[in-house]
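Number of protein chains: 2
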Amino acid sequence: MEILIAEDEKQIAGTLKKRFLEIGFHPMAVPNGEAALAAVEKIVFDVIILDWRMPKLSGLEVCKILREREIKAPIILLTALSDISNKVEALNAGADDYITKPFSFDELLARVNAVVRRFHSTTTELGFNNCTLNLVDHTLVKPNEIIKLSQKEYDLLKFFLKNKNSIVSKDQICQQAWGTKCSPLSNIVEVTIKNLRRKLESKTHKSYIRTIYGEGYIFFADEVLKH
Amino acid sequence: MEILIAEDEKQIAGTLKKRFLEIGFHPMAVPNGEAALAAVEKIVFDVIILDWRMPKLSGLEVCKILREREIKAPIILLTALSDISNKVEALNAGADDYITKPFSFDELLARVNAVVRRFHSTTTELGFNNCTLNLVDHTLVKPNEIIKLSQKEYDLLKFFLKNKNSIVSKDQICQQAWGTKCSPLSNIVEVTIKNLRRKLESKTHKSYIRTIYGEGYIFFADEVLKH
DNA sequence: TACAATTATGAAATTTTTTTCATCATATTT
DNA sequence: AAATATGATGAAAAAAATTTCATAATTGTA
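Structure representation (structure tokens):
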């Protein structure tokens, strides 16, 4: 789980990072709003935690900018004030939750989990590297073009993205994308992989799908880096 | 906008209903949790507001039950206590927001709008009557069967659902579902409507799409009733 | 009721997607 | 390096989706 923490108070940032690390999350801490915006350009986060009061760019402003840029990841705002109008302002800026300092780590964790669970149950796109699979349109959104995927190509890519960076066997692929056992008489999987590879490839990024001889395939996607 | 308000304090319920009515929403007030569950069985709400403290079934319990039943509509819990652990409990139960009494109507409205806006930007299905259009699978989910829609049938139905109960011209349909002006030389729209009608029809419900001679079509869907 | 305009429909034609097949390329083992 | 197994690929075949077309049915109007 990739978490961005934008917080200028070093002690809070440090504690949060440490606690998230302990439970196996991947936190990244930045000290201001500009750094948060820069980080989001490069990395796909599962949740973004923004301190409201930061020098220059406030957490609220960062939140608004992220939503304008169509960043969909859930955002939680931290604030010293428990003013109710702040809460409304935060929601209107596109935040998903709001938490007042001081707070316990367990409370923050509960909110992070709630917000992420909800997000994953309703998300409409899956990102990888500098591309996105649009689950509603069934299109592959590359940096400079939008490519229509056929049904099978879509099913296959979706399966790869759910299992990125780990080996999947041909049997597993058949089961998920074709709903049947893999027939040794047919090579539909190979053919569809060939076609998907062609649609995925670009000048900068040639090989998303690596063949593991005798085992299956791995879809390589930097979980983290967007560019 | 269909809003369910489950609140046993009659005065609060009455005021909320009145205020929502004034701004053109369609509120329905019920006095307890059981009635709320029953209402959700029959009606598709855009947002559900639950009082935490209600006789027998609490708002929190109703919330959990609704999520178990895969009701996706956003839920806001009302409570007299501003205890932070309650907020965590609410989120863990699948609620989207939490508001402590006393609150102003404007604050509630802001939260309703925030929660609905977010929901609509990430929703993965559109409901109508006793059916659902699954936007990810491109399937039509009827009470007893799941029907695969072709791309064009899907585009057409999606357009109808976005414009239900109002006349849409053939030109509008072409523009949205085919991305081109309607050619007088082609009757693709009529043909696709014919095919969609066939897939939509059931023993109980024959005519979703009514033709308005010389004007276009209306897709009739009870905005409200599920059964 | 007759007529013109509009919509509905079955079936053919076209296009696209999916699958099969033959052949080539590559990896592993000996 | 040779033999064998596995995967890749272009092209053909089959199936499915989309569009066209001819004709039938329906609606509104004279």
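Going line by line, the protein sequences match chains Z and D.
Residue numbering for the first sequence follows numbering that gives the first Met the number 0, starting at 0 and increasing by one per position.
Residue numbering for the second sequence follows numbering that gives the first Met the number 0, starting at 0 and increasing by one per position.
Even glycine gets a Cβ: it sits at the ideal position worked out from N, Cα and C.
Discussion item. Could you compute how far the alpha carbon of D/E189 sits from the alpha carbon of Z/E200?
Written reply: Counting from 1 along the second sequence, the entry for residue 189 of chain D is found at position 190. Counting from 1 along the first sequence, the entry for residue 200 of chain Z is found at position 201. D/E189 and Z/E200 have their C-alpha atoms spaced approximately 39 Å apart.
Worksheet item: If we ignore side chains and look at the alpha-carbon of each, how far apart do D/V46 and Z/I208 end up?
Response: In the second sequence, counting from the first residue as 1, residue 46 of chain D sits at position 47. In the first sequence, counting from the first residue as 1, residue 208 of chain Z sits at position 209. For D/V46 and Z/I208, the distance between alpha carbons rounds to 42 Å.
Item to complete: Go through its chain and collect everything with a Cβ distance to Z/L148's Cβ below 6 Å, but skip five positions before and after it.
Response: Taking the first residue of the first sequence as position 1, residue 148 of chain Z is located at position 149. These residues qualify, in order along the chain: H137 and L139.
Worksheet item: Using a beta-carbon distance cut-off of less than 7 Å, what residues from the stretch 97 to 116 of chain Z approach chain D?
Response: The residues in question are E106, A109, R110 and A113.
Worksheet entry | Cα-Cα separation, D/V111 to Z/E6 | Sequence index remark: in the second sequence, residue 111 of chain D carries index 112 (1-based). Sequence index remark: in the first sequence, residue 6 of chain Z carries index 7 (1-based). About 29 Å.
Discussion item. Using only the alpha-carbon positions, how far apart do D/T78 and D/A94 sit?
Written reply: In the second sequence, residue 78 of chain D corresponds to position 79, counting from 1. In the second sequence, residue 94 of chain D corresponds to position 95, counting from 1. CA-to-CA, the gap between D/T78 and D/A94 works out to about 13 Å.
Worksheet item: Of all the residues that make up the stretch 135 to 154 of chain D, which are near chain Z by a beta-carbon distance shorter than 8 Å?
Response: Listed in sequence order: V135 and H137.
Discussion item. Let me confirm a value: Z/Y216 is counted as buried when at least 16 other C-beta atoms fall within 10 Å, else exposed. Which label applies?
Written reply: Counted from its first residue, the first sequence places residue 216 of chain Z at position 217. It counts as buried.
Worksheet item: Which residues in the same chain have their Cβ closer than 7 Å to the Cβ of Z/S57, if we skip the five residues on either side of it in sequence?
Response: Numbered from its first residue, the first sequence carries residue 57 of chain Z at position 58. Within the same chain, Cβ atoms closer than 7 Å to the Cβ of Z/S57 are found at G32 and W51, the five residues on either side in sequence being excluded.
Discussion item. 7 Å is my cut-off, CB to CB: does D/L65 come that close to chain Z?
Written reply: Taking the second sequence and counting its residues from 1, the one referred to as residue 65 of chain D is at position 66. No, no contact with chain Z.
Item to complete: List the residues of chain D whose Cβ lies closer than 9 Å to the Cβ of Z/V167, in chain order.
Response: Taking the first residue of the first sequence as position 1, residue 167 of chain Z is located at position 168. Ordered by position in chain D, no residue passes the 9 Å Cβ test against Z/V167, which lies about 21 Å from the chain.
Worksheet item: Under three-state DSSP, which class holds Z/H25?
Response: One-based indexing of the first sequence puts residue 25 of chain Z at position 26. When secondary structure is reduced to three states using DSSP, Z/H25 falls in the strand class.
Worksheet item: Are there 16 or more other CB atoms within 10 angstroms of the CB of Z/Y212, so buried, or fewer, so exposed?
Response: Taking the first residue of the first sequence as 1, we reach residue 212 of chain Z at position 213. Z/Y212 is classed as exposed because its beta carbon has fewer than 16 other beta carbons within 10 Å across all chains shown.
Worksheet entry | Nearest candidate by alpha-carbon position, reference D/P183, set D/D170, D/E106 and D/Q175 | Residue mapping note: residue 183 of chain D aligns to position 184 of the second sequence, counting from 1. When only C-alpha atoms are compared, the closest one is D/D170.
Discussion item. For Z/I145, which residues in the same chain have their Cβ closer than 6 Å to its Cβ, ignoring the five residues on either side in sequence?
Written reply: Taking the first residue of the first sequence as position 1, residue 145 of chain Z is located at position 146. Excluding residues up to 5 positions away in sequence, T138 lie with their Cβ nearer than 6 Å to the Cβ of Z/I145 in the same chain.
Worksheet item: Between the C-alpha atoms of D/I74 and D/L49, what's the straight-line distance to the nearest angstrom?
Response: Along the second sequence, read from residue 1 onward, the residue named residue 74 of chain D stands at position 75. Along the second sequence, read from residue 1 onward, the residue named residue 49 of chain D stands at position 50. The alpha-carbon of D/I74 is positioned some 7 Å away from that of D/L49.
Item to complete: Using only alpha-carbon positions, find the residue among D/T123, D/N129, D/F218 and D/K141 that is nearest to D/V135.
Response: Taking the second sequence and counting its residues from 1, the one referred to as residue 135 of chain D is at position 136. Ranking the options by Cα distance to D/V135, first place goes to D/T123.
Worksheet entry | Rounded C-alpha distance that separates D/L80 from Z/I22 | Residue numbering aside, residue 80 of chain D sits at position 81 when the second sequence is read from its first letter. Residue numbering aside, residue 22 of chain Z sits at position 23 when the first sequence is read from its first letter. Cα-Cα distance, rounded: 31 Å.
Discussion item. Quick check: does the Cβ of Z/T123 come within less than 6 Å of any heavy atom belonging to the ligand NAP?
Written reply: The ligand content of the structure shown is nil, which means the ligand NAP is not present either.
Worksheet item: How would you write the range of the alpha helix (DSSP H) that Z/R66 sits in, first residue to last?
Response: Here residue 66 of chain Z corresponds to residue number 67 of the first sequence, with the count starting at 1. In the DSSP annotation of this structure, the continuous segment of the alpha helix (DSSP H) that includes Z/R66 starts and ends at G58 to E67.
Worksheet item: Is there at least one Cβ from chain Z nearer than 7 Å to D/V87's Cβ?
Response: For the purposes of this step, residue 87 of chain D is identified with residue 88 of the second sequence, where counting begins at 1. Closer than 7 Å: yes.
Worksheet item: Taking a cut of 7 Å between CB atoms, which residues from the stretch 190 to 201 of chain Z lie near chain D?
Response: Cβ contacts with chain D: none found.
Practice prompt. For the alpha helix (DSSP H) holding Z/A37, just list the boundary residues, first then last.
Written response: Counted from its first residue, the first sequence places residue 37 of chain Z at position 38. Looking at the DSSP string, the run of the alpha helix (DSSP H) that includes Z/A37 is G32 to K41.
Worksheet item: What residue does the beta strand (DSSP E) around D/K147 start on, and which one ends it?
Response: Along the second sequence, one-based indexing puts residue 147 of chain D at 148. Membership of D/K147 in the beta strand (DSSP E) is indicated by the continuous run I145 to K147.
Practice prompt. Tell me whether the beta-carbon of Z/A38 lies closer than 7 Å to the beta-carbon of Z/F127.
Written response: Within the first sequence, the letter at position 39 stands for residue 38 of chain Z. Within the first sequence, the letter at position 128 stands for residue 127 of chain Z. No, the Cβ-Cβ distance between Z/A38 and Z/F127 is not below 7 Å.
Worksheet item: Taking Cβ-Cβ distances shorter than 7 Å, what residues in chain D pair up with Z/N91?
Response: Residue 91 of chain Z sits at position 92 when you count from the first residue of the first sequence. By Cβ distance, chain D contributes A109 and A113.
Item to complete: Go through its chain and collect everything with a Cβ distance to D/F118's Cβ below 6 Å, but skip five positions before and after it.
Response: Within the second sequence, residue 118 of chain D is the residue found at index 119, counting from 1. For D/F118, where only same-chain residues beyond five positions count, the Cβ hits under 6 Å are P73.
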